[in-house]
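Residue numbers (the working numbering), protein chains in the order written: chain A, 5 to 341; chain B, 14 to 280. All residues carry an ideal CB built from backbone N, CA and C; glycine is no exception. Report on the following structure.
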Amino acid sequence: MPFAIETCDLTKQFPRTKGLRGFLPGSRPARLVTAVDGVNLRVEQGELFGLLGPNGAGKTTLIKLLCTLIVPTAGTARVNGYDLRQEAAIKASVGLVTGDERSFYWRLSGRQNLEFFAALHGLPSGQARRRVQQVLELVELTAIADEQFQTYPTGMRQRLSIARGLLNEPHLLFLDEPTKSLDPLAARHMHNLIKNRLASQEGVAIFLTTHRLDEAEQLCHRVAIMDKGRIRACGTISELRARLRPGEHYRLKVRGFQPAMRDELAKLVSSLQVTFLDDQDALLEFAALNGEEILTRVIDVIRSSGGEIRALQSEAVPLEEVFAHLTGEPAGTMELP
Amino acid sequence: MRKLLAFLKRDFHLEASYRFSFFLQFFCIFFSVALFYFVAQLLGEAASPYLQAYGGDYFSFVLIGIAFAGYFGVGLSSFADSIRQAQTTGTLEAMLMTPTRVSTVVLCSSIWDYLLTTLRVLIYLALGAIFLGVKIGQGNYLAALLILALTVVSFSSLGIIAASFIMVLKRGDPVTWIFNSLFSLLGGVYYPITILPSWLQFLAHFLPITYSLRAMRLALLQGYSLSALAPDLLALVIFSIILLPLSLLAFRYAVHRARVDGSLTHY
Numbered sequence: 005m006p007f008a009i010e011t012c013d014l015t016k017q018f019p020r021t022k023g024l025r026g027f028l029p030g031s032r033p034a035r036l037v038t039a040v041d042g043v044n045l046r047v048e049q050g051e052l053f054g055l056l057g058p059n060g061a062g063k064t065t066l067i068k069l070l071c072t073l074i075v076p077t078a079g080t081a082r083v084n085g086y087d088l089r090q091e092a093a094i095k096a097s098v099g100l101v102t103g104d105e106r107s108f109y110w111r112l113s114g115r116q117n118l119e120f121f122a123a124l125h126g127l128p129s130g131q132a133r134r135r136v137q138q139v140l141e142l143v144e145l146t147a148i149a150d151e152q153f154q155t156y157p158t159g160m161r162q163r164l165s166i167a168r169g170l171l172n173e174p175h176l177l178f179l180d181e182p183t184k185s186l187d188p189l190a191a192r193h194m195h196n197l198i199k200n201r202l203a204s205q206e207g208v209a210i211f212l213t214t215h216r217l218d219e220a221e222q223l224c225h226r227v228a229i230m231d232k233g234r235i236r237a238c239g240t241i242s243e244l245r246a247r248l249r250p251g252e253h254y255r256l257k258v259r260g261f262q263p264a265m266r267d268e269l270a271k272l273v274s275s276l277q278v279t280f281l282d283d284q285d286a287l288l289e290f291a292a293l294n295g296e297e298i299l300t301r302v303i304d305v306i307r308s309s310g311g312e313i314r315a316l317q318s319e320a321v322p323l324e325e326v327f328a329h330l331t332g333e334p335a336g337t338m339e340l341p
Numbered sequence: 014m015r016k017l018l019a020f021l022k023r024d025f026h027l028e029a030s031y032r033f034s035f036f037l038q039f040f041c042i043f044f045s046v047a048l049f050y051f052v053a054q055l056l057g058e059a060a061s062p063y064l065q066a067y068g069g070d071y072f073s074f075v076l077i078g079i080a081f082a083g084y085f086g087v088g089l090s091s092f093a094d095s096i097r098q099a100q101t102t103g104t105l106e107a108m109l110m111t112p113t114r115v116s117t118v119v120l121c122s123s124i125w126d127y128l129l130t131t132l133r134v135l136i137y138l139a140l141g142a143i144f145l146g147v148k149i150g151q152g153n154y155l156a157a158l159l160i161l162a163l164t165v166v167s168f169s170s171l172g173i174i175a176a177s178f179i180m181v182l183k184r185g186d187p188v189t190w191i192f193n194s195l196f197s198l199l200g201g202v203y204y205p206i207t208i209l210p211s212w213l214q215f216l217a218h219f220l221p222i223t224y225s226l227r228a229m230r231l232a233l234l235q236g237y238s239l240s241a242l243a244p245d246l247l248a249l250v251i252f253s254i255i256l257l258p259l260s261l262l263a264f265r266y267a268v269h270r271a272r273v274d275g276s277l278t279h280y
């Protein structure tokens with residue numbers, strides 16, 4: 005079975021022209037702006053894959069390349085097994101959902117909009133009506149399907165956009181920042197729809213772009229971090245965390261900590277840091293690959309040396325820290341819950 | 014055909030959602046017809062010497078001119094307008110995400126305008142023939158349909174070239190501007206081109222509207238046969254043969270260009 009997406013050194017440089025001469029055939033652009041730079045990615049069929057990056061990272065350009073809306077400058081890609089030159093075949097097998105609510109006819113109803121786009125997918129009228137009803141039910145919009153689109157609140161507009169993306173029963177659905185401009189409740193509803201209905205129930209592969217770290221963490225099997233057109237890292241969230249700081253991170257508050265303990269513990273964990281809080285208590289911090297096993301041995305050493313553990317805390321590396329490390333962006337650039 | 018019907022249905026629903034505007038455009042026809050009827054009354058027999066070839070009546074002459082000028086306007090602007098509108102409203106990208114070609118989107122988007130224009134032309138002719146004495150009962154309708162078909166092809170070709178400019182430049186296509194201006198001045202909509210200075214008459218022969226309107230008037234008002242209309246028909250065929258492939262090439266280049274520079278849906 006082919007990959008849902010497979011790219012090889014995919015690159016897009018936008019020519020920036022100067023003056024009317026730039027529009028003539030064969031003219032040389034004044035400069036080239038690289039939006040996607042040698043991207044290599046593989047997304048499995050049925051996978052929920054996230055592309056994470058700040059604004060201007062090249063996420064939307066990558067989606068447009070894969071949807072054949074723009075042509076690459078270099079490199080190759082296959083979508084559902086089709087080469088990017090097989091435009092019609094790719095468009096028949098994918099759906100695109102953007103956060104742009106202008107892409108509907110505001111004075112038509114939701115159903116009329118969907119029937120129009122179903123016809124453009126080549127569905128015969130009877131089949132189109134049935135499919136429109138199915139997708140409306142899937143996104144729970146049947147109750148207002150015959151109201152004008154302009155009366156829909158933002159969350160419902162976004163759900164109708166998903167319904168449109170599903171009209172042709174795609175194997176792969178591109179979701180370009182699907183929760184942009186949604187309130188927290190609508191965003192949660194959208195997350196449930198994506199994870200429970202689309203990915204699990206419909207079995208559609210999903211390629212989701214977002215700049216929200218919590219969204220990527222909550223929804224995606226794997227994520228790629230993109231910045232300045234390049235893929236900086238790709239893997240599961242835990243793999244990405246491990247790249248920055250291997251293993252779990254622990255903090256122990258110990259009463260009666262003896263300096264002799266430090267040498268014993270240092271043999272177990274090389275990253276040990278000890279901070280004396282007062283005369284009685286010390287704070288021990290360390291990271292460990294085989295977390296639980298090491299932790300048990302650390303506790304044994306402390307107890308056998310007469311120490312008493314007053315508090316124990318374990319924490320994963322914040323995804324924001326992983327992102328900041330990989331992109332060089334200062335922490336806080338990305339949205340957190 | 015299914016896609017064409019989908020576009021017609023879409024445009025009908027959109028048009029019907031602006032009912033007042035829809036009916037207002039037909040209401041304007043009455044004023045336009047009345048205006049030219051009274052201008053014709055003013056001119057009386059004075060215009061007849063210039064209009065002998067068409068039967069001598071200015072009102073009949075100008076009615077056909079303003080009625081069919083609608084086709085020229087639609088042919089020139091509807092393709093570019095449909096692209097521009099889809100770009101600005103954001104629906105173009107959604108349409109292009111289906112396996113429907115850009116050319117199909119553009120062509121099908123203009124069909125509604127052609128249908129509306131046809132309805133307007135019929136109202137113009139009906140008003141003139143029923144209430145104001147325009148004699149088109151003896152017209153050669155078969156020839157008129159053929160002229161109309163060739164006119165639509167020629168003007169649509171110019172319109173597609175205009176749409177190509179819009180695809181790349183987004184605003185300010187020169188084709189519509191130039192031809193709209195030339196057609197108004199030299200096309201013979203409101204007066205026969207024989208009243209123009211000879212050098213302007215010479216220029217008028219490079220415009221398809223000159224042949225379209227002359228042939229249409231001769232077919233409808235004088236009932237000319239196809240053989241009598243052959244020179245004008247031949248000129249329209251030549252315009253079509255040159256302009257249609259040229260327009261398709263220009264449009265293909267414009268779409269490719271827009272996909273390379275990523276501006277297909279920009280506006």
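### Residue of A:T155, A:E325, A:K199 minimising C-alpha distance to A246 of chain A
Residue 246 of chain A sits at position 242 when you count from the first residue of the first sequence. With distances taken between Cα atoms, A246 of chain A lies closest to A:E325.
- Just the Cα atoms here: how many angstroms apart are E268 of chain A and H329 of chain A? Taking the first sequence and counting its residues from 1, the one referred to as residue 268 of chain A is at position 264. Taking the first sequence and counting its residues from 1, the one referred to as residue 329 of chain A is at position 325. Roughly 32 angstroms separates the two Cα atoms.
task = Along the beta strand (DSSP E) that carries E319 of chain A, what are the first and last residues, could you check?
result = Walking along the first sequence from the start, residue 319 of chain A turns up at place 315. From DSSP, the beta strand (DSSP E) with E319 of chain A extends over 312-319.
Q: Could you tell me if Y254 of chain A is buried or exposed, where buried requires 16 or more neighbouring beta carbons within 10 angstroms of its beta carbon?
A: The sequence position of residue 254 of chain A within the first sequence is 250, counting from 1. Buried, by the Cβ-count rule.
Exercise for the section: Return the chain-ordered list of same chain residues with a C-beta closer than 6 angstroms to the C-beta of I149 of chain B, the five sequence neighbours on each side being excluded. Expected result: Stepping through the second sequence from its first residue, residue 149 of chain B is reached at position 136. Correct list, in chain order: A142, L233.
Should R133 of chain B be labelled buried (16 or more other beta-carbon atoms within 10 Å of its own) or exposed?
By 1-based counting over the second sequence, the position of residue 133 of chain B is 120. Classification of R133 of chain B: buried, given that the 10 Å Cβ count is 16 or more.
Run through chain A and tell me which residues come within less than 9 angstroms of T104 of chain B, C-beta to C-beta. Taking the first residue of the second sequence as position 1, residue 104 of chain B is located at position 91. One finds R106, S107, F108, Y109 in chain A with Cβ atoms closer than 9 angstroms to the Cβ of T104 of chain B, taken in chain order.
- Message: Buried or exposed, going by whether 16 or more other CB atoms sit within 10 Å of the CB of Q116 of chain A?
- Response: Translated into the one-based positions of the first sequence, residue 116 of chain A becomes position 112. Under this definition Q116 of chain A is a buried residue.
I'd like to know if H125 of chain A contacts chain B, where contact means its C-beta is closer than 9 angstroms to some C-beta of that chain.
Position 121 of the first sequence, counted from the start, is the residue given in the question as residue 125 of chain A. Taking Cβ atoms only, chain B reaches closer than 9 angstroms to H125 of chain A, which makes this a yes.
ask   = If you draw a straight line from the C-alpha of D283 of chain A to the C-alpha of Q277 of chain A, how long is it?
value = Position 279 of the first sequence, counted from the start, is the residue given in the question as residue 283 of chain A. Position 273 of the first sequence, counted from the start, is the residue given in the question as residue 277 of chain A. A direct Cα-to-Cα measurement between D283 of chain A and Q277 of chain A gives close to 17 angstroms.
Query - Contact list for the stretch 123-154 of chain B against chain A, Cβ threshold 7 angstroms - result: If you check each beta-carbon in the stretch 123-154 of chain B against every beta-carbon of chain A, none falls closer than 7 angstroms.
Exercise. So, V43 of chain A versus T11 of chain A, is the Cβ gap smaller than 9 angstroms?
Worked result: Taking the first sequence and counting its residues from 1, the one referred to as residue 43 of chain A is at position 39. Taking the first sequence and counting its residues from 1, the one referred to as residue 11 of chain A is at position 7. Their beta carbons are under 9 angstroms apart, which means V43 of chain A touches T11 of chain A by this criterion.
What would DSSP say about F273 of chain B, mapped onto helix, strand or coil? For the purposes of this step, residue 273 of chain B is taken as the residue at position 260 of the second sequence. Before going further, note that residue 273 of chain B is Val rather than Phe in the sequence given. If DSSP states are grouped into helix, strand and coil, V273 of chain B belongs with the helices.
Practice item. With a 10 Å radius around its C-beta and 16 neighbouring C-beta atoms as the bar for buried, classify F297 of chain B as buried or exposed. Key: The structure shown does not extend to residue 297 of chain B, since chain B is modelled only from 14 through 280, so no value can be given for it.
Legend entry - chain D residues whose Cβ lies nearer than 7 angstroms to that of Q116 of chain A: Chain labels in this structure do not include chain D; the protein chains are A and B.
Same chain, Cβ closer than 6 angstroms to A335 of chain A, five either side skipped, listed in chain order = In the first sequence, counting from the first residue as 1, residue 335 of chain A sits at position 331. At A335 of chain A the pLDDT is 48, less than 50, meaning the model places this residue with poor confidence and gives no usable figure here.
- Message: With a threshold of 9 angstroms between beta-carbons, can I9 of chain A be considered close to chain B, or not?
- Response: Your numbering for residue 9 of chain A matches position 5 in the first sequence. The beta carbon of I9 of chain A sits no closer than 9 angstroms to any beta carbon of chain B.
Which residue from A:F108, A:L256, A:L223 puts its Cα closest to that of T213 of chain A?
As a working note, residue 213 of chain A is residue 209 in the first sequence. Looking from the CA of T213 of chain A, the closest CA among A:F108, A:L256, A:L223 belongs to A:L223.
Taking DSSP as the reference, what is the three-state secondary structure of C71 of chain A?
Taking the first residue of the first sequence as position 1, residue 71 of chain A is located at position 67. Correct three-state label for C71 of chain A: coil.
Query raised in the report: By how many angstroms is the C-alpha of L171 of chain B removed from the C-alpha of N193 of chain B?
Result: Residue 193 of chain B sits at position 180 when you count from the first residue of the second sequence. Residue 171 of chain B sits at position 158 when you count from the first residue of the second sequence. Rounded to whole angstroms, the gap between the alpha carbons of N193 of chain B and L171 of chain B is 11 angstroms.
(request) For the alpha helix (DSSP H) containing A29 of chain B, list its first residue and its last residue. (result) In the second sequence, the residue the question calls residue 29 of chain B occupies position 16. Residues 15-29.
Alpha-carbon spacing of E319 of chain A relative to K257 of chain A, whole angstroms:
Counting from one through the first sequence, the residue named residue 319 of chain A turns up at place 315. Counting from one through the first sequence, the residue named residue 257 of chain A turns up at place 253. Counting only the Cα atoms, K257 of chain A lies some 14 angstroms from E319 of chain A.
Whole-angstrom Cβ separation of I99 of chain A and N172 of chain A, contact assumed at under 8 angstroms?
Taking the first residue of the first sequence as 1, we reach residue 99 of chain A at position 95. Taking the first residue of the first sequence as 1, we reach residue 172 of chain A at position 168. This sequence places Gly at residue 99 of chain A; Ile is not what is there. Contact annotation, G99 of chain A with N172 of chain A: C-beta distance approximately 7 angstroms; criterion of less than 8 angstroms satisfied.
Who are the near neighbours of R46 of chain A in its chain, counting only those whose CB is closer than 6 angstroms to its CB and skipping five residues on each side?
What you label residue 46 of chain A is simply residue 42 of the first sequence in a count that begins at 1. F7, E10, listed in sequence order.
* Asked: Assuming V40 of chain A and L66 of chain A make a contact with CB atoms under 8 angstroms, what is their CB distance in whole Å?
  -> Residue numbering aside, residue 40 of chain A sits at position 36 when the first sequence is read from its first letter. Residue numbering aside, residue 66 of chain A sits at position 62 when the first sequence is read from its first letter. At roughly 5 angstroms, the Cβ-Cβ gap stays under 8 angstroms, so V40 of chain A and L66 of chain A are in contact.
Give me, in chain order, the residues of the same chain whose beta-carbon lies closer than 7 angstroms to that of M338 of chain A; leave out the 5 immediate sequence neighbours on both sides.
On the first sequence, residue 338 of chain A is found 334 positions in, with the first residue counted as 1. With a pLDDT of only 47 at M338 of chain A, under the threshold of 50, the placement of this residue in the model should not be trusted, and no figure is reported.
Worksheet item: chain B beta carbons: is any one of them nearer than 9 angstroms to that of F18 of chain A?
Response: Indexing the first sequence from 1 puts residue 18 of chain A at position 14. Yes, F18 of chain A lies at the interface with chain B (some Cβ there is under 9 angstroms from its Cβ).
Check whether the stretch 110-126 of chain A touches the stretch 153-169 of chain A, counting contact only when three or more Cβ pairs, one atom from each stretch, lie closer than 8 angstroms.
Cβ pair count under 8 angstroms is three or more, so yes.
What does a CB cutoff of less than 7 angstroms around L257 of chain B pick up in its chain, not counting 5 residues either side in sequence?
-> As a working note, residue 257 of chain B is residue 244 in the second sequence. V166, S170.
**Request:** Provide the residue span of the alpha helix (DSSP H) that contains K95 of chain A, from first to last.
**Result:** Residue 95 of chain A sits at position 91 when you count from the first residue of the first sequence. Counting along the chain, the alpha helix (DSSP H) containing K95 of chain A begins and ends at 91-97.
Report the residue from A:T80, A:G54, A:I210 whose alpha carbon sits nearest the alpha carbon of I241 of chain A.
-> Locating residue 241 of chain A in the first sequence gives position 237, where the first residue counts as 1. Nearest to I241 of chain A by alpha-carbon distance, out of A:T80, A:G54, A:I210, is A:G54.
Legend entry - Extent of the continuous beta strand (DSSP E) to which E219 of chain A belongs: Residue numbering aside, residue 219 of chain A sits at position 215 when the first sequence is read from its first letter. Careful: E219 of chain A lies outside any beta strand (DSSP E), inside the alpha helix (DSSP H) at 217-223.
Worksheet item: Where does I9 of chain A sit, in a helix, a strand or coil, going by DSSP?
Response: For the purposes of this step, residue 9 of chain A is taken as the residue at position 5 of the first sequence. Looking at I9 of chain A - three-state DSSP - the assignment turns out to be strand.
What does H136 of chain A touch in chain B if you count any residue whose Cβ is under 8 angstroms from its own? Taking the first residue of the first sequence as 1, we reach residue 136 of chain A at position 132. Sequence inspection shows Val at residue 136 of chain A; the His mentioned does not correspond to that position. None at all; the shortest Cβ gap to chain B is about 12 angstroms.
For I174 of chain B, which of B:D94, B:L242, B:F49 has the nearest alpha-carbon? As a working note, residue 174 of chain B is residue 161 in the second sequence. Among B:D94, B:L242, B:F49, the Cα nearest to that of I174 of chain B is on B:D94.
- prompt: Does the Cβ of K16 of chain B have 16 or more other Cβ atoms within 10 Å, making it buried, or fewer, making it exposed?
  reply: As a position in the second sequence, residue 16 of chain B is number 3, starting the count at 1. K16 of chain B should be labelled buried.
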